[in-house]
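>
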Amino acid sequence: GAVVSQHPSWVICKSGTSVKIECRSLDFQATTMFWYRQFPKQSLMLMATSNEGSKATYEQGVEKDKFLINHASLTLSTLTVTSAHPEDSSFYICSAQEGAGAGDGYTFGSGTRLTVV
Amino acid sequence: GESVGLHLPTLSVQEGDNSIINCAYSNSASDYFIWYKQESGKGPQFIIDIRSNMDKRQGQRVTVLLNKTVKHLSLQIAATQPGDSAVYFCAEKGGSYIPTFGRGTSLIVHP
Chain A
1 GAVVSQHPSW
11 VICKSGTSVK
21 IECRSLDFQA
31 TTMFWYRQFP
41 KQSLMLMATS
51 NEGSKATYEQ
61 GVEKDKFLIN
71 HASLTLSTLT
81 VTSAHPEDSS
91 FYICSAQEGA
101 GAGDGYTFGS
111 GTRLTVV
Chain B
1001 GESVGLHLPT
1011 LSVQEGDNSI
1021 INCAYSNSAS
1031 DYFIWYKQES
1041 GKGPQFIIDI
1051 RSNMDKRQGQ
1061 RVTVLLNKTV
1071 KHLSLQIAAT
1081 QPGDSAVYFC
1091 AEKGGSYIPT
1101 FGRGTSLIVH
1111 P
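Here the protein sequences come in this chain order: A and B. The first sequence begins at 1 in our numbering and counts up one residue at a time. The second sequence begins at 1001 in our numbering and counts up one residue at a time.
Below you can see the structure in the form of structure tokens.
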């Protein structure tokens, strides 16, 4: 089955630094990749949608200058949290979709726990 | 029993019992529905899906029921095991290829 690899699984960084999270589709080409944020005991909040080679589409309220998304290839998308602050601490999850149809596979990465100290 | 609070609703069951997790969806035009299981500290995993032209689909120990009249989706887990303890999310897809996720239900299985 489709596998999405997300790295790192956890990271601790100092306030003011930037952190990059990678999302790779290992055995398929992902037309679209998605980035979610999840707070404890809450549902997934979609942050942005990215298509290979084009700018990401950010959800309302998500700062695009703070959460930089790059989708340089059909198998790799990165999320960079710039100038991280403690309030950015969260669980970040990516997902990848092979096609654009309703029934096309939608596979999640294993998530990244970001702690900003 | 099931309880709803400020955070995720919780369903507590005894090992071996059957579990039923419910989800109300919002878009009557949605034509594809998915259930995901998320264990603590991990990403969601696909469990089972169903298209809108069906009202029931069975997998291994799991059954999804779809009632389009009342826009309701349920996941039934037979003979619930401690390893089934997780948060379960339903998701719907309609005209947009982006799934919309429900609130989630925390399933706690007591040995």
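Glycine residues also receive a C-beta, built at the ideal position from the N, C-alpha and C atoms. Since the structure is predicted, the reported quantities are computational estimates derived from the model, not experimental observations.
Pull the bridge partners of A:Arg113 from the DSSP assignment, please.
Position 113 of the first sequence holds residue 113 of chain A. DSSP, once it has assigned bridges, lists A:Trp10, A:Phe91 as partnering A:Arg113.
> With a 10 Å radius around its C-beta and 16 neighbouring C-beta atoms as the bar for buried, classify A:Ser15 as buried or exposed.
For the purposes of this step, residue 15 of chain A is taken as residue 15 along the first sequence, with counting starting at 1. So A:Ser15 counts as exposed.
> In whole angstroms, what is the alpha-carbon distance linking B:Thr1010 and B:Ile1050?
Your numbering for residue 1010 of chain B matches position 10 in the second sequence. Your numbering for residue 1050 of chain B matches position 50 in the second sequence. Rounded to whole angstroms, the gap between the alpha carbons of B:Thr1010 and B:Ile1050 is 24 Å.
> Apart from the five residues on each side of it in sequence, which residues of its chain come closer than 8 Å, Cβ to Cβ, to B:Ser1026?
For this step, residue 1026 of chain B is matched to residue 26 along the second sequence. Once the five neighbours on either side are set aside, the close Cβ partners of B:Ser1026 are Lys1071, Glu1092, Thr1100.
> Looking only at C-alpha atoms, which of B:Ala1079, B:Gln1038, B:Lys1068, B:Asn1053 sits nearest to B:Ile1020?
The residue given as residue 1020 of chain B occupies position 20 in the second sequence. Of the candidates B:Ala1079, B:Gln1038, B:Lys1068, B:Asn1053, the residue whose Cα lies closest to the Cα of B:Ile1020 is B:Ala1079.
> On a Cα-Cα basis, can you pick out the residue from A:Gly53, A:Thr17, A:Thr75, A:Glu59 that is closest to A:Ala96?
On the first sequence, position 96 is the one that residue 96 of chain A refers to. Per the Cα distances, A:Thr75.
> At a Cβ cut of 8 Å, what residues of the segment 1036–1051 of chain B count as close to chain A, listed as they run along the chain?
Tyr1036, Gly1041, Lys1042, Gly1043, Pro1044, Gln1045, Phe1046, Asp1049, Arg1051
> Classify B:Asp1049 as helix, strand or coil using the three-state DSSP reduction.
Along the second sequence, read from residue 1 onward, the residue named residue 1049 of chain B stands at position 49. Looking at B:Asp1049 - three-state DSSP - the assignment turns out to be strand.
> Less than 8 Å between the C-beta atoms of B:Pro1082 and B:Pro1111, yes or no?
Along the second sequence, read from residue 1 onward, the residue named residue 1082 of chain B stands at position 82. Along the second sequence, read from residue 1 onward, the residue named residue 1111 of chain B stands at position 111. Yes, these two residues count as a Cβ contact at 8 Å.
> So which of A:Met45, A:Ser43, A:Asn70, A:Thr115 has the shortest CA-CA distance to A:Lys55?
Residue 55 of chain A sits at position 55 when you count from the first residue of the first sequence. The candidate whose alpha carbon is nearest that of A:Lys55 is A:Asn70.
> Less than 8 Å between CB atoms is the rule here; does B:Gly1102 satisfy it with respect to chain A?
Along the second sequence, one-based indexing puts residue 1102 of chain B at 102. For B:Gly1102, the answer is yes, since a Cβ of chain A falls inside 8 Å of its Cβ.
> Determine the chain A residues that contact B:Pro1099 at a beta-carbon separation under 8 Å, and present them in chain order.
Taking the second sequence and counting its residues from 1, the one referred to as residue 1099 of chain B is at position 99. Neighbours of B:Pro1099 on chain A, chain order: Tyr106.
> Using the C-alpha atoms, what's the distance from A:Glu98 back to A:Phe108?
As a working mapping, residue 108 of chain A is identified with position 108 in the first sequence. As a working mapping, residue 98 of chain A is identified with position 98 in the first sequence. Computed Cα separation, rounded: 12 Å.
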